[in-house]
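Protein chains in written order, with this note's numbering: chain L, 370 to 769; chain E, 0 to 314; chain H, 398 to 1010.
By construction, the Cβ of each residue, glycine as well, lies at the ideal position given by its N, Cα and C atoms.
All of these numbers come straight from a predicted model, not from anything done at the bench.
Written below as structure tokens is the structure these notes are about.
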Amino acid sequence: MWRECSMWRVLRGAPAWVFAAALLFSFAGGAPFAAEPVKVGHVAALSGASAQSGEAITRGLALAIDEINAKGGLLGGRKLELIQRDDESNPPKGLIAARELIFQEKVAAIFGGIDTPVSLAIVPLVNKEKTPFMGVWAAGTGITRNGANPNSVFRVSAVDDDVDIKLLKYANEKFRAKKAGLMLINNPWGQSNEKGLIAAAKDNPAITIAGISKFENNDVDMVPHLTRLKEAGADAIILVVNAPPGAQMMKSRERMGWTVPVVSHWGISGGRFPELAGPTAGDAHFIQTYSFFGKQSPTGERVLAALKKKYPQIKGPEDIFSPVGTANAYDAMHLLAMGIEQAGSTDANAVRSALENLKATYQGLIKTYNLPFTPENHDALGPNDYIMVRYEGDQVIPVE
Amino acid sequence: MTASEKGGLGAALLFAGISVFCAAMLVSSALISGLGLGSMYGLLALGFHITHAVSSTVNFAQGSAMMLGAVLCFTFWVTFQWPLTLAVIAGLGLCAVWGAIVERTAVRPFVQRGSNAWLMATVALGIVLENVVLFTFGKDPRGMPAGLLTTNSVEVAGIRIQLLQLLIPVVGLLFAAAIRIFFQRFHYGKALLAVVQNKDAARLMGIDVERVVMASFALSGFLAGVAGIMVAPLFTISPTMGTLFGIKAFAVAILGGIGNAWGVMLAGLIYGVAEALIIALAGSTYSQIATFALVILALAIRPTGLFGHAEVKKV
Amino acid sequence: MNLRRALAVGAVLVGVCMFILRANGYELYIVALVGLATIVGVGLNVLLGMSGQISLGHAAFYAIGAYVVGILTTKLDWSVWTTLPLAGVIAGVAGVLLAIPALRVRGPYLAMVTIAFGFVVEQGAAEWEGLTGGWNGVLGIPLPNLFGFDFSEREMAFLVLCFTVLSLYLYARLSASPWGKAMRAVRDSEIASQSIGLDPTLIRVTAFAISAIATGFAGGIFASVTNFISPESFPFFQSILFLLVVMIGGADQLLGPLVGALVVVLLPEILSFLAQYRLLFVGLLLLLVLRLAPGGFVGLATELIKQRKLGATATRRRDVMAYLSAGSTGRSLSASDLSVSFGGVRAVDDLCFDARPGDITSIIGPNGAGKSTVLNLMCGFYRPDNGIIRLGEADVTRMAAHSIAQQGVARTYQTTQLFTNMTVLDNVLIALRRGRLGAGTIFSRGGDLEHQELAESLLAFVGYRGPLGQPAGALPHVDKRLVELARALAIQPSVLALDEPAAGLDPADTARIGDLLRKVTRTGITVVLVEHDMNLVMSVSDRVIVLDAGAKIAEGPPAQVAADPHVLKAYLGDEKPSDRRRKRELEPGREAVISTEGLCSGYDAVSVIRDIN
């Protein structure tokens, strides 16, 4: 009988329904008006293991935005506004964040984050919605080379395929290694580099791959993995991983007493690697796109000064953590601003065409950019822009 | 020890013996780290055992207590620059306090009501602590500074073992033995056992049952803190480090038969070594699947755990 | 009343539809998530709320459903419409498979099995690259297509809305159906449910299956809505969130999952500036809800708003004696050489007895004699070490308790085992089917008029005079006994076994029970009575069996047994009172050590001691 059905008894609780409806409507009621500022979104790991790197990117973006707004903003006086969302290094969360930024906040463009898997998850969405996406850290090759036409994804950062070539070359030239052992994190970024490294080894007659060991983020003891590589005759370790498991690997290597050279992707530079890895942190040579140490260009001096002013805890280059994030993001923001100015609006198609055909030259931090993007190539940086560094204490010093 | 305990001990020793004979460095190193981690699973599981015995509840906030121990020790020692001993004592003391808080807020109100909601309540408390630590301690994982226990190693049969790795299983077993002695020789320990066996009778004998229950939760928090501090130098310290560890320790407690102290400790060692061996031989990618699938299988075959015994239901 | 409620529901639905029509892509996505969380919550509510089993691994079923749709649509180009039901079915099969180990374990062990399952599925999805794409996940899952017209987010939101309403409707139907009542019975007292013929295993597995099907189906829709899934979409924490949906809303409440989904999914989005505190907030909220409003928000609302209609009292409309006579098959209950030991103690030792139809056979003996053990053996709750138990000619020794009940052996318990969260009427109603539920009744409306009148009549027959809608847990002691008796009679038994029915009753109520038992025997039912109350035993029994330390020491008509010296010795011991001397003489006139003044106490509503000084 309907009467006995508990549904009807409960429905008497009208307040429950009112509450539910209110929730729904309050949610909908927040539809934004046409915004004056030019909004740009940023989806990155702002918490968790890569939080430091996320913060570094934020600083680069913020610095560039300050400069642009100080000069009067874009498109006749509209100020740039940065809207951030935390992806927690989790692709589904990144996807939800991107959705919110596109549909709810109606951003003109989205800056990417640290993790390749997150960026890979967002790429189909931005291509579908044609929102320009600017990668500033995640190096997975497939992010920009995603086969879409039109391709809304751009990047001012390293590209895994090119990084892999450089890593093997460096291991061979610097350490005279002939057989590289690969230690890779078991996730899409690790997989992307596995492909890149295998391809690079094929093209490089001087060095071959002795073995490949994959491990998980949560692993504590990498001794078994390293032992396998050691027994396969590896005389250099190529490392692709983020800081905490990277630190575990270094600790395991130390425990084994194995002094094999370690050549790493930049994953270990995000997060407090020297603190986590201990005394052998300096044994790992890794790749960067920029270093604030040494002689700086005029742009570099200017950015350094601005950083010291805006973030007083930075007294010198040694206090700048994850510098590639700051550098990449700074240049990327300026390039995007140039694209928007050239397009004359925030219309997605116009901005994209403008970026693929930037007329002005930009004296950037990492280099001077002349036609950084073309319809075929959406990566502003190439193998010549990479440098190798290592930790000395808490400082990052170039080794080339 | 009961017959099943003896059988379990024998099986474990046999298992350990066979394992020791595997000479490959691969496996031996895995063995050492497995024993270390395993004894820490065992300590945490011992905490599960104690609180389950006195209150028939499972404390799902146990993993968070372990994380708290590591976090507090780091904060006191590194951030506040206190001497190590003081940092450890303060950290463990606060872990015990946390255990008592868990009991008062998430267990007692529900047990008294006869409700089962303590399960979700302890889960919720674990989430709350994890998030509070997230905002105070910070989101980045931190590392314990290298101390003499980590930089010094000994060489045994061709493998290098850090002093800390040797110390951990020793400490674990010492604590397990200490708990046993505490229960058998000391007045308060016997009171705890009495409460375990018959709450009403214990009350009639003048034992303050509520206080004993709270003390047992505090003890369980203390043990978790010990585990956290001991493994912190091996891991990185982060607010989320306790969740998976707690779940594995829970599996260990269940496997050991949550009502059996020795069984729980042994199950911890077996689990730790099994996990390490699987990683060494098959790669770490399958280790979680394999270990959890084994847990399901073990429970399907022996529903009250490997060392537990079925209770006769009084109808 | 009906019209008002229909209007309320209609108004809300219209409001939601209008919202969907003007919402943007992100808002539509959130609406879909709320709906999906509700559907999963409904499924979990069946498992947790109705059948009382906890699962901390439901994200696994969600994942299975999502991957089924994801893989079949991207790799084999199947349509979403065909893969969605498949998602539910496969998840359901997984649920049944999980139920097999899960059923053997209880409480924390069950929690562990479900957690482990969750991890195995999540990690399995990550490792089985060939099938699932590993950590990369499955990209490009299409939206459904109807008559050549591709769904957009808006249509998906409507679709999810339809399924959400459907799931709530089905829950309401299940709740009122015999299966729903059976699940609650097993939840409230598995033991008692067996004694009315319900098979707890079957019911638990069914609950698991239903729960898994709903969750898998929702997972399949999720895959299509988000268009990208990876193992990271289904972490352990997702299972906790699903549980939160049910508990915050209110377990075993119809609208609980909906309210819970709104809180868990919507609130963090609305308070997105507090996004980082989201989890902290949800954790604290759950704690508050559990402490202050264990019935969840919906439970709280119903308590505050509705007045509990307890319903009328029972009136006798059916001929109970005829009903009982129709069921009693005139079979005796007998045992030969029955023995069982527990941990070295011989609880029952080579017992032989024969309880004849139409007779009241009483079993008495001092404490610890094994009387309840004999009853438990007869009803299948314990398995004897040796010996045979027969019901009539049939050998029922190795039968499961619920099977024996289905054969017509009913019982009551020393401490009443009622289904405390069900009404008095439901307690008896559910027993009428004698455990035969039938697959077709799973969503039936229940509440067959004939059954209702029969249940009422049984309650009136045993002398229950309270309201029918009273939750059984809130009854005073004597009423609990009566309801349990009515429930036992409801299965139309051939044998009625009673374990200390007079315990806690005053002499007047005890006498009434005695009269009732004599009446019942006139229908040909075999009555076996375990009792301590000698007045009752002597006045109603036809035969008395005396046990001591598990063995029979006397048997015969009451008067004969009462005079038997062995029996007296067993009860009172060998020593003559004069053998025991005080060690110290009484010193009169000293101050009292303990005294009472006006002491009153009782159980529930029954006042047991009054004004003791």
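Relative to the ligand GTP, is the shortest distance from any of its heavy atoms to the C-beta of VAL96 (chain E) smaller than 7 Å?
-> The model depicted lacks the ligand GTP and carries no ligand whatsoever.
Within 8 Å (strictly less), CB to CB, does VAL517 (chain H) reach chain E?
-> It does: the Cβ of VAL517 (chain H) has a partner Cβ on chain E nearer than 8 Å.
Report the rounded CA-to-CA distance for LEU553 (chain L) versus ALA570 (chain L), giving the unit in angstroms.
-> Looking at the two C-alpha atoms, the distance is approximately 16 Å.
Contact between the segment 291-302 of chain E and the segment 83-95 of chain E (3+ Cβ pairs under 8 Å) = No contact exists between the segment 291-302 of chain E and the segment 83-95 of chain E.
Would you grab the beta carbon distance between ALA724 (chain H) and GLN849 (chain H) for me? Rounded to a whole angstrom, and I think it's under 8 Å.
-> Going by the sequence as given, residue 724 (chain H) is Gly instead of Ala. Wrong, their Cβ atoms sit about 18 Å apart, outside the cutoff.
Would you check if the segment 656-667 of chain H and the segment 430-444 of chain H touch, i.e. whether three or more CB-CB distances between them fall below 8 Å?
-> Result yes; three or more Cβ-Cβ pairs closer than 8 Å.
Where does ARG987 (chain H) sit, in a helix, a strand or coil, going by DSSP?
-> Residue state, collapsed to three classes: coil.
Looking at ALA190 (chain E) and ILE206 (chain E), is the spacing between their C-beta atoms short of 8 Å?
-> Yes.
Through-space distance from GLU700 (chain H) to GLN560 (chain L), alpha-carbon basis = Each residue's alpha carbon lies about 56 Å from the other.
Go ahead and label GLU629 (chain H) buried or exposed: buried means 16 or more other beta carbons lie within 10 angstroms of its beta carbon, across all protein chains shown.
-> Burial check for GLU629 (chain H): the Cβ neighbour count within 10 Å reaches 16 or more, so the residue is buried.
With burial defined as no fewer than 16 other Cβ atoms inside 10 Å of the residue's Cβ, what is the status of GLN732 (chain L): buried or exposed?
-> So GLN732 (chain L) counts as exposed.
Is the beta carbon of ALA605 (chain L) less than 8 Å from the beta carbon of ALA549 (chain L)?
-> Cβ atoms of ALA605 (chain L) and ALA549 (chain L): closer than 8 Å.
Alpha carbon to alpha carbon, how far is VAL522 (chain L) from LEU727 (chain L)?
-> Between VAL522 (chain L) and LEU727 (chain L), the C-alpha separation is close to 15 Å.
GLU450 (chain L) and PRO406 (chain L): beta carbons closer than 8 Å?
-> Yes, Cβ-Cβ distance for GLU450 (chain L) and PRO406 (chain L) is below 8 Å.
LEU992 (chain H) - DSSP class collapsed to helix/strand/coil = At residue 992 (chain H) the sequence reads Ser, which differs from the Leu that was named. Looking at SER992 (chain H) - three-state DSSP - the assignment turns out to be coil, as it is neither helix nor strand.
Out of H:ALA883, H:VAL880, H:ALA620, H:ASP930, which has the shortest C-alpha to C-alpha gap to ASP903 (chain H)?
-> Considering only H:ALA883, H:VAL880, H:ALA620, H:ASP930, the residue with the shortest C-alpha distance to ASP903 (chain H) is H:ASP930.
Give the interface partners of LEU464 (chain L) over in chain H, defined as CB-CB distance under 8 Å, in chain order.
-> Against chain H, a Cβ distance below 8 Å from LEU464 (chain L) picks out THR623, PHE625.
Reducing DSSP to helix, strand and coil, say where PHE234 (chain E) ends up.
-> If DSSP states are grouped into helix, strand and coil, PHE234 (chain E) belongs with coil.
Output yes if chain L places a C-beta closer than 8 Å to the C-beta of CYS21 (chain E); else output no.
-> Confidence at CYS21 (chain E) is low in this model, with a pLDDT of 49, below 50, so its placement is unreliable and no value can be given for it.
Give the DSSP-derived three-state secondary structure of PRO864 (chain H) in the structure shown.
-> Residue state, collapsed to three classes: strand.
Helix, strand or coil for CYS997 (chain H), going by three-state DSSP, please let me know.
-> In the three-state scheme derived from DSSP, where H, G and I count as helix and E and B as strand, CYS997 (chain H) is classed as strand.
Note down the Cα distance separating ALA499 (chain H) from PHE605 (chain H), rounded to an integer number of angstroms.
-> When only Cα atoms are considered, ALA499 (chain H) and PHE605 (chain H) end up about 10 Å apart.
Per-residue DSSP class, three states only, for LEU721 (chain H) | Reduced to three states, the DSSP call for LEU721 (chain H) is helix.
Give a yes or no on whether 8 Å exceeds the smallest Cβ distance from ILE991 (chain H) to chain E.
-> Chain E, which has no Cβ nearer than 8 Å to the Cβ of ILE991 (chain H), makes this no.
Can you list, in chain order, the residues of its chain whose CB lies under 7 Å from that of ALA460 (chain H), leaving out five sequence neighbours each side?
-> Exclusion of the five residues before and after ALA460 (chain H) leaves VAL518, GLU519, ALA522, GLY616, PHE631 as the residues of its chain whose Cβ lies within less than 7 Å of its Cβ.
Sufficient close CB pairs (3 or more, under 8 Å) joining the segment 33-41 of chain E to the segment 697-704 of chain L = Verdict: no, contact absent.
Does DSSP classify VAL892 (chain H) as helix, strand or coil?
-> VAL892 (chain H): strand per DSSP, three-state reduction.
Excluding the five sequence neighbours on either side, which residues of its own chain have a C-beta within less than 6 Å of the C-beta of THR649 (chain L), listed in chain order?
-> For THR649 (chain L), where only same-chain residues beyond five positions count, the Cβ hits under 6 Å are MET619, GLU623.
Would a check of beta-carbon distances place GLY651 (chain L) closer than 8 Å to chain E?
-> No, no contact with chain E.
Cutoff 8 Å: ALA418 (chain L) Cβ touching any chain H Cβ | Interface criterion not met: the Cβ of ALA418 (chain L) is under 8 Å from no Cβ in chain H.
Is PRO331 (chain E) helix, strand or coil by DSSP?
-> The requested residue 331 (chain E) does not occur in the structure, where chain E is confined to residues 0 to 314.
Could you work out which residue in H:GLY789, H:VAL737, H:ALA744 is closest to ASN783 (chain H) when comparing CA atoms only?
-> Looking at the Cα atoms, H:VAL737 is the closest of the given residues.
Using a Cβ-Cβ cut-off of 8 Å (strictly less than) and excluding sequence neighbours within five positions of LEU443 (chain L), which residues of its own chain qualify?
-> The residues are VAL407, ILE437, LEU449, ALA706, ILE709, GLU710.
Which residues does DSSP pair with HIS834 (chain L) in a beta bridge?
-> With chain L covering 370 to 769 only, the question about residue 834 (chain L) has no answer from this structure.
Does the beta-carbon of VAL153 (chain E) have 16 or more other beta-carbons within 10 angstroms, so that it is buried, or is it exposed?
-> Per the 10 Å Cβ criterion, exposed.
Using the beta-carbon of each residue, which ones in chain E are nearer than 8 Å to ASP421 (chain L)?
-> In the sequence as presented, Asp is not what sits at residue 421 (chain L); that position holds Gln. Residues of chain E with a Cβ closer than 8 Å to the Cβ of GLN421 (chain L) are, in chain order, ASP139.
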